[in-house]
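According to our numbering, the residues represented by the sequence shown are 471 to 566, in order. Virtual Cβ for every residue (Gly too), placed ideally from N, Cα, C. Because the structure is a prediction, the values reported are computed rather than measured. What follows is a set of notes on a single structure, which appears directly below.
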Amino acid sequence: MTESTNSCIAWTGDGWEFKLNDPDEVARKWGIRKNKPKMNYEKLSRGLRYYYDKNIIHKTPGKRYVYRFVCDLTSVLQMSAEQIRRKVEVKRELDQ
471 MTESTNSCIA WTGDGWEFKL NDPDEVARKW GIRKNKPKMN YEKLSRGLRY
521 YYDKNIIHKT PGKRYVYRFV CDLTSVLQMS AEQIRRKVEV KRELDQ
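As structure tokens, this is what we get:
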């Protein structure tokens, strides 16, 4: 991961909650991944609502660009949110 990748999304430290630090960059990268060059945050946020209905993520009320995984990721990944955060931090240190 590059430094720009590391900084555009970050865990908040509150369970499975994360923040889009650079929502335009997240949308741009998602557009590249999905082969949709005109992707922007407005379109991305509409797409994220699909995951609300599926009970995968929810928007955190009162916080801009903050979302939370509400599905049982601990069971799926066999790791806690804290364990994932530690792995990401170790990866960042190794990449620097």
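(request) State the DSSP-derived secondary structure class of isoleucine 526, mapped to helix, strand or coil. (result) On the sequence shown, position 56 is the one that residue 526 refers to. Taken through DSSP and simplified to helix, strand or coil, isoleucine 526 comes out as coil.
(message) For lysine 489, report the span of its beta strand (DSSP E) as first-last.
(response) The sequence position of residue 489 within the sequence shown is 19, counting from 1. From DSSP, the beta strand (DSSP E) with lysine 489 extends over 487-490.
(request) List in chain order: all unbroken alpha helix (DSSP H) runs of 4+ residues lying wholly within the region 509-558. (result) Runs of the alpha helix (DSSP H) inside the region 509-558: 511-523 and 543-547.
(request) Note down, in chain order, each residue of its chain lying with its Cβ closer than 6 Å to the Cβ of phenylalanine 539, except the 5 sequence neighbours on either side. (result) Working through the sequence shown from its first residue, we reach residue 539 at position 69. Around phenylalanine 539, the same chain offers Trp486 and Ile527 as residues with beta carbons nearer than 6 Å, after the five sequence neighbours per side are excluded.
(request) Keeping to the same chain, check which residues put their C-beta closer than 8 Å to that of tyrosine 522; ignore five residues upstream and five downstream. (result) Reading the sequence shown from its first residue, position 52 is the one you call residue 522. Same-chain partners within the cutoff: His528 and Lys529.
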